[in-house]
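Visitor:
Residue numbers (the numbering used here): 7 to 311.
#1: In three-state DSSP terms, what is residue 197?
#2: Is it the case that the region 211-228 contacts the region 153-170, given that we only count it when at least three CB pairs across the two stretches are under 8 Å?
#3: Starting from residue 161, trace the alpha helix (DSSP H) in both directions and tell me its first and last residue.
#4: In whole angstroms, what separates the C-alpha of residue 106 from that of residue 259?
#5: So, residue 67 versus residue 274, is the Cβ gap smaller than 8 Å?
#6: Along the chain, where does the alpha helix (DSSP H) containing residue 130 start, and where does it finish?
#7: Quick check on DSSP: helix, strand or coil for residue 86?
#8: By a C-beta neighbour count over all protein chains shown, 10 Å radius and 16 as the cutoff for buried, is residue 261 buried or exposed?
#9: In chain order, what residues of the same chain have a beta carbon less than 6 Å from the beta carbon of residue 7, not counting five sequence neighbours either side?
#10: May I ask which residues mark the beginning and end of the alpha helix (DSSP H) holding residue 141?
#11: Determine, using beta carbons only, whether residue 134 and residue 209 come nearer to each other than 8 Å.
#12: Using a Cβ distance threshold of 8 Å, determine whether the region 248-259 contacts the region 55-74, with at least three qualifying pairs required.
#13: Measuring straight from C-alpha to C-alpha, what distance separates residue 9 and residue 28?
#14: Quick check on the burial criterion: 16 or more other C-beta atoms within 10 angstroms. Buried or exposed for residue 46?
#15: Given this structure, state the Cα-to-Cα distance separating residue 118 from residue 237, to the nearest angstrom.
#16: Helix, strand or coil for residue 336, going by three-state DSSP, please let me know.
#17: Using alpha carbons as the reference points, say which of 120, 250 and 232 lies closest to residue 299.
#18: Is the Cβ of residue 32 closer than 8 Å to any Cβ of chain B?
#19: Go ahead and pull the three-state DSSP assignment for residue 73.
#20: Along the chain, where does the alpha helix (DSSP H) that runs through residue 255 open and close?
#21: Can you tell me which of the three DSSP states residue 64 falls into?
#22: Kindly indicate the opening and closing residues of the alpha helix (DSSP H) around residue 237.
#23: Among the residues of its own chain, which have a CB less than 7 Å from the CB of residue 179, if the five just before and after it don't count?
#24: Report yes if the C-beta distance between residue 196 and residue 101 is below 8 Å; otherwise report no.
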């Protein structure tokens, strides 16, 4: 009896002649089902708090803690967002939500643009320009990733104080325009570009900068987009540096303003949730725009082909 007939008999319920193969296949399917269920449960537990926050941001204060929870409010109460965005205009406060939103947008955008620019330049230099001690310099540069950011807080404080920059946004912008992770990510991507392509550009008379700008950068769009997304999110959520270096409420960024608002409005959950949703809005937009490049850019350095 050939193999096709054996498979047909097995499908009809008769004893299979390949029990080991069937057991392995059944085990594989079972493991996939268990893994899928675990991932689904994990995703559900992560998204429920966000859905509750989004729902509560449209409710009045009396309905926020009502049980059972109305996940979809009967009406969309936009007054919460109006109150949050007018904070600082209608009453004397030590923070201004709309101004803090603008400050965060300014700092994050500058960090994103310069972070991607400097990382791509440094990544290209480490990947394609041959100079003595390149590997040693790169390892030394990479070793700074091991230093926790909290350790550098006091040296940065002393340095900014000496330079008379305390209380300005330069204290948040200058450390963010060079990223070690971004340099490593871009170098790994540039390493995949064939050297013959670079040499062909040099033969045509292009220098290193022109080769980087006209040959390499157009190829590196996915990695640059994913890096831009990472830098923007990191800068937007940077709370510790803003708390230490900023002194005037007019220069506060969103994390500091949001924390102050939560401290004052701890019992008004609807307003707190409206402020949190507002703070997440730019992050959500950036993620929607860059999501198709994100995985592609991150895996570019890990897959060689």
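Beta carbons are placed, not taken as given, at the ideal position from N, Cα and C, and that holds for glycine. Quick caveat, the model's predicted, so the values are computed rather than measured.
Guide: In short:
#1: coil
#2: no
#3: 159-168
#4: 5 Å
#5: yes
#6: 103-134
#7: Residue 86: helix per DSSP, three-state reduction.
#8: buried
#9: Any reading at residue 7 needs caution, since the residue's pLDDT is 47, under 50, leaving its predicted position unreliable; the model's value is listed next. No residues qualify anywhere along the chain.
#10: 140-149
#11: no
#12: Judged by Cβ distances under 8 Å, the region 248-259 makes no contact with the region 55-74, as fewer than three pairs qualify.
#13: No answer about residue 9 holds up, because its pLDDT of 49 lies below 50 and its placement is not dependable.
#14: exposed
#15: 5 Å
#16: Outside the shown range of the chain (7 to 311) lies residue 336, about which nothing can therefore be said.
#17: The shortest Cα separation from residue 299 among 120, 250 and 232 belongs to 232.
#18: Reference to chain B is not applicable here, since this structure consists of a single protein chain.
#19: Judged by DSSP in its simplified three-state form, residue 73 adopts coil rather than helix or strand.
#20: Here residue 255 belongs to no alpha helix (DSSP H), and DSSP marks it neither H nor E.
#21: coil
#22: Unbroken alpha helix (DSSP H) run through residue 237: 227-242.
#23: Contacts found: 113, 116 and 117.
#24: In this structure, residue 196 lies away from residue 101, with their beta-carbon atoms at least 8 Å apart.
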